[in-house]
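These notes are about the structure you will find just below.
Protein chains in written order, with my numbering: chain A, 1169 to 1553; chain B, 1169 to 1553; chain C, 1169 to 1553; chain D, 1169 to 1553.
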């Protein structure tokens, strides 16, 4: 069985997805093979170049036309957040299966529309929380389900980067609310929220805060269309998203959670790190060392207890039997390969895949709760939204 | 010059302080030498045994009598929190210099009385936040003052232990509010608060939460006096303090802070760890590796930038020239030696020493703000208290 | 410009190379594009399957026929060591450029024949010491050339694995001298030797030792052809290679070296680790954390000196600008992509590439010196060979 | 029971031992209490100062007079290596128990005389290989004896420091053969040898090499008595010991060993680190993190196997019940306290203590074998000596 893919977007995420479709069948034996049919983007020259490089058979410059095509089975959306909803709803109505990058939408309302559309249409839908498919995180999930750390008491997570610490870093699209939706919260925090839901469960209530440390930045060279507010120097613009966001939460199962996302942590490049403490043990992970999982079992003898560093590169570990011998590590892009593998199998077998738009909605609710909570300076129940 | 010391308490902290007075003049050359004059405690046999071991010249079984003695220059209080105020105020009125263990008092009101009494009496006063005198933390302070990490954006700290994860661990005094004041918050969180004030500055506002995961525990063998509430099985009692406490804060200088104290983190034995992110760099510390400081300088070339592990065992590092050659580490008890060294010098030179009761009050305000915030589920300004 | 590739071998290394040819032009912009023309192996069904998966245009089951083809520009040899020489010499005589896996040959004599043949024919030749193209190791090379650690005093390296600790692990081809040439020495030690030559320089003399801890093992299922010696149980065979090999060396520049390769280090999966100490600093690397390099500069202030962990994922780092944003790590297979990239460029520009057969010969000399030294229990000068 | 101690030497080691006698009975309950009777050294003013600081009751300026005293039970020798033998033999003949710093003597002959003298006299004798009493190393010993890592295949150890990398560091006594005996070999290597014997067993044969990288150095200010060789600039002298020494060994039980000691490893302050690999697991230690032991058990499930970091600060760990709560680390000087504790108990109970002069002799044999092997460029059997 083949799955004809139409991919929208050809920049960073577009390349990561293109590569995943290309490489996946080289290492895995999926029940359905993705066919790199159409790459879609607005700039014809740009799209054509990437399509040629990665071997997409055709290009389109209009996502509407792409969706109209009968020969496309799967629409993959890596365009900016502000167009997710429109594309996804149209794709669903056209009966296409959908893979959509995170965060799912600009707000809960949009996200729910997308879920509703996909469910009504009966198509497969998936959201690109690729870190669920880091083997070490998949192993963490398995250990928790096996009861290896018992009842969960604590989840604490940070996602730290440093790429905009320099006040002269320009006002790129990720720093503009109308395109990106939010800043560190939606970009980094969304990953933490999904991991938390994956490992711990649903959020009950939360209290949040956020900050924009650098309130104006130079306009990016490519940003001629950006409207500067009156009174601003014409070569600087206002940062309209958060530089950092923090929140505390209580999960429905009684566990306590602490979250922090920031782009102002010098030396932290992609430091997505979490710790889970349970009645029987603890688990620690850090994306910069994504092939490792720290695990402490309360059942070890006191004499030899401690955190063990598991090299998650053994054939018994999730996804690893497709790769290299033990100790030969994999990288960031492999998470997309695993994602595409599971999606193709789900389509082939007509079974649900996770994380899907439901997970996207639940994440969006938490994101929105953080924003409401921050704005209104109060605890917010997820059920309010 | 000699300083005659009267030490109240002879258990864990009493031994740590006894050892500090004993060892300090062996390695340092203070301007005044502490004389181990009187050890004081209620149980005569117990006091006498420890006094003999450590070489205290005399014992007392009444702190009131101790304070009345004319030959005592310094009262050192390591008794439980609920008696700090009464002793300290009396000692101040008797003109004694005072070293008091943390947290300073049961509440802000008591703490302020203590500060007022000490200031009125013109005595030296110090609070036992010994971690300021971990060489690595003293180095962090120096680096921050030197501008090595620039303007501070983030402070995040956790203090994780695991000694009461077992639900059958008994209801010791640290789990009872009327003796201990609070649980993880006052015991562990107080240290984090003091480090934060030391490194970042004053708190502006905060929002907190806490939890008691195990609500009843077996009575400790020695707890015959504990009154069980009606309806409780007579061999179990109610835990009246927090097992874990978390809070978010905004500092007066605009930095954001995240704090977590818990005794429910399996595998974490004494994991007092913090990270500071500034505009020019970052600093990371973990008490379990207290001879190391992680430092990332934004001024390093991009090619060779990264967190460096400083072995804080060089003669140029704070307090280290008194100790061993580079790479020969020191331990927990050395922090008390450094504390006593600085206190003796302050008394000799009649200059203030930090942290003192003012710092104790400021810490107590934050602790109380966390409790108010937790109870009332709202942001609390420190200035409210 | 296109380079038509004929790849011999389709197992572990064959797949790694296939993937490299496939992926390289997706991320890099080489001066010549490799065309996946022919995959060659003895088992037609097996070859065909891998060829289909990776997109090789044709297959051959005879390497002789492959070499006779006019349309092949590059012969890539991933077959076992004992056939390297015959293939490489024939390929060179046919005017083909050659990439050959390591170790180059069964002995120095063979290796020199290969170098002689390739040089006489004027073809490009490269040996697959892929770890030179780990970005962190390439960075180490650059730092050393820049003088960042000054004059080198020490190089110490270990390559530790644990896959044959179990005495019931079968007698696979890597444990048989007539196929593999040697055991841990040629498999793991060869990598260390090449890294040492890359970073430090040529070996002057050495003294070695080795051991075979488990002298007999069960025959592998596929090993029906293996002739058991008289007196052996018919289902067990003799291990004819080293399980571990160690040697000390003096480099021509006066630095001292220590090397150890073993497959008997439980918990070490692919622990290829080295440390270089020079007059001005030190460098440390570990392949299990291949995206990191530890660097200590003697020029740092004493107060803040220490080993820094460089995340070698910045655009300024070797090969990284082709990949993902900072902190998004790459994996094992990327080293082959970098290797193929540099080789294609060398062919396109008709310039030499390193490491080549000369490096293969020099490595083989060291390997042979270790064997002679071990057998004769004496120091051996490389120049003796 | 009391043990009257006479300590010879009052510099670095003298202070470490003084502190140990002082502190030990504060934390442990030994069967005999050491009494700090006499401190002995040639410079009366210097001795008196240290004696006053640490509370030695009396001083002597002649070790001969010290040994003649009837009231001394234990002679503790921390003077330079070249006087160990004379003092120890005299002390033994006078019926004194003896603690002697390492290395035991200038050569095997001297060491054997010392052992013979002590055994003939029937006194207790101990050698100051204090690292056996690092709790983590004592735990490693226990784990090995319990079979936790099975049959030992490999021991590899390095002791790296960097304090003489600067060529202008002066020619202190440790760099002069006639006083120090050897350089890095006897100072650092001796520790590694003793740990190896402690954990693995006796050496069978070895091959060594060494180097003096900086052959001349400025005379130390205090070195007026040093005779410069003819032709040397009068303000520089010749370094007569090794800067670095390496050797490979085969233990009697068949394990292979690798050793390296150097003072030329920038950034390594006191990096005494070893790894032991056995059939069932591995153990790793590093003195700069002396409260931790890395342990990998081959019996862990493959899914969760890996090196665990044991915080060796639990009451069940060797020596720790005398100290602080879990996670509160101890330091370098505690090793001497543990040493003195065990020695006092051995004297009180009239039972042997280890390591003793026999261990000193065995270590000296290995040191001498390294020197012979280095000089004669050949494998040397320990049994030759």
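All C-beta atoms in this analysis are idealised placements derived from N, C-alpha and C, irrespective of residue type, glycine included.
Range of the contiguous beta strand (DSSP E) that encloses residue i
i, result
"residue 1413 of chain A", "1412-1419"
"residue 1462 of chain B", "1460-1465"
"residue 1452 of chain A", "1449-1454"
Sequence-distant residues of its chain with Cβ nearer than 6 Å to residue i (five each side left out)
i, result
"residue 1455 of chain A", "1438, 1440"
"residue 1302 of chain D", "1458, 1503"
"residue 1344 of chain D", "1408"
"residue 1395 of chain A", "Low per-residue confidence applies at residue 1395 of chain A: pLDDT is 45, beneath 50, and the placement is therefore not dependable, though the value from the model is reported in the following sentence. Answer for residue 1395 of chain A: no residue qualifies."
C-beta contact flag for residue i and residue j at 7 Å
i, j, result
"residue 1445 of chain D", "residue 1321 of chain D", "yes"
"residue 1198 of chain A", "residue 1487 of chain A", "no"
"residue 1453 of chain D", "residue 1442 of chain D", "yes"
"residue 1249 of chain B", "residue 1182 of chain B", "no"
"residue 1297 of chain A", "residue 1423 of chain A", "no"
"residue 1161 of chain C", "residue 1449 of chain D", "Nothing can be reported for residue 1161 of chain C: it is not among the residues displayed for chain C, which extend from 1169 to 1553."
"residue 1172 of chain B", "residue 1239 of chain B", "yes"
"residue 1294 of chain A", "residue 1521 of chain A", "yes"
"residue 1258 of chain D", "residue 1291 of chain D", "no"
"residue 1498 of chain C", "residue 1499 of chain A", "yes"
Where residue i meets chain B, residues with beta-carbon distance less than 7 Å
i, result
"residue 1479 of chain D", "1437, 1456"
Residue i - containing alpha helix (DSSP H), residue span
i, result
"residue 1115 of chain C", "For chain C, the structure presents residues 1169 to 1553; residue 1115 of chain C sits outside this window and is missing."
"residue 1403 of chain B", "Here residue 1403 of chain B belongs to no alpha helix (DSSP H), and DSSP marks it neither H nor E."
"residue 1157 of chain C", "There is no way to answer for residue 1157 of chain C, as the model of chain C reaches only from 1169 to 1553."
"residue 1378 of chain C", "Residue 1378 of chain C -> not in any alpha helix (DSSP H); beta strand (DSSP E) instead, spanning 1371-1379."
Neighbour list for residue i in chain A, Cβ cutoff strictly below 7 Å
i, result
"residue 1354 of chain B", "None at all; the shortest Cβ gap to chain A is about 18 Å."
"residue 1179 of chain C", "Those within 7 Å of residue 1179 of chain C in chain A number zero; the least Cβ separation is about 12 Å."
"residue 1554 of chain B", "Absent from the structure is residue 1554 of chain B, since the part of chain B shown begins at 1169 and ends at 1553."
"residue 1545 of chain B", "1547"
"residue 1187 of chain C", "1194"
Partner residues on chain B for residue i, Cβ-Cβ distance less than 8 Å
i, result
"residue 1221 of chain D", "1193, 1194"
"residue 1442 of chain C", "Near residue 1442 of chain C there are no residues of chain B at all, since even the closest Cβ is about 18 Å away, more than 8 Å."
"residue 1453 of chain C", "Simply none; closest approach about 13 Å."
Close-in-space but distant-in-sequence residues of the same chain around residue i (CB under 7 Å, 5 per side omitted)
i, result
"residue 1304 of chain B", "1453, 1458, 1459, 1460, 1461, 1480"
"residue 1392 of chain B", "In this prediction, residue 1392 of chain B has a pLDDT of 41, which is less than 50 and means its spatial position is unreliable; what the coordinates show is noted afterwards. Excluding sequence neighbours, residue 1392 of chain B sits near nothing in its chain."
Residue i: contacting residues in chain C (beta-carbon distance under 7 Å)
i, result
"residue 1475 of chain D", "1435"
"residue 1204 of chain D", "Result: empty, since nearest Cβ-Cβ is about 35 Å, beyond 7 Å."
"residue 1381 of chain D", "1321"
Any chain G beta carbon closer than 7 Å to residue i
i, result
"residue 1420 of chain C", "In the structure shown, chain G does not exist; the protein chains are A, B, C and D."
Beta-carbon neighbours of residue i, restricted to chain D and to distances below 9 Å
i, result
"residue 1430 of chain C", "1321, 1322, 1424, 1445"
Per-residue contacts from residue i into chain C (C-beta, under 9 Å)
i, result
"residue 1482 of chain B", "1470, 1471, 1473"
Chain-ordered chain A contacts of residue i [CB-CB under 8 Å]
i, result
"residue 1450 of chain B", "1433, 1434, 1435, 1436"
Proximal residues to residue i (C-beta, below 8 Å), its chain only, five neighbours per side dropped
i, result
"residue 1275 of chain C", "1349, 1532, 1536"
Which of the residues in the stretch 1485-1504 of chain D, read from start to end, lie with their CB under 9 Å from any CB of chain B? 1491, 1492, 1493, 1494, 1495, 1496, 1497, 1498, 1499, 1500, 1501, 1502
Can you pull out the residues from the stretch 1239-1262 of chain A whose beta carbon lies closer than 8 Å to at least one beta carbon of chain C? none
Residues in the stretch 1307-1336 of chain B with C-beta within 9 Å of chain D's C-beta atoms, listed in sequence order? 1329, 1330, 1331
For the stretch 1267-1298 of chain B, list every residue whose C-beta sits within 9 Å of some C-beta in chain C, in sequence order. none
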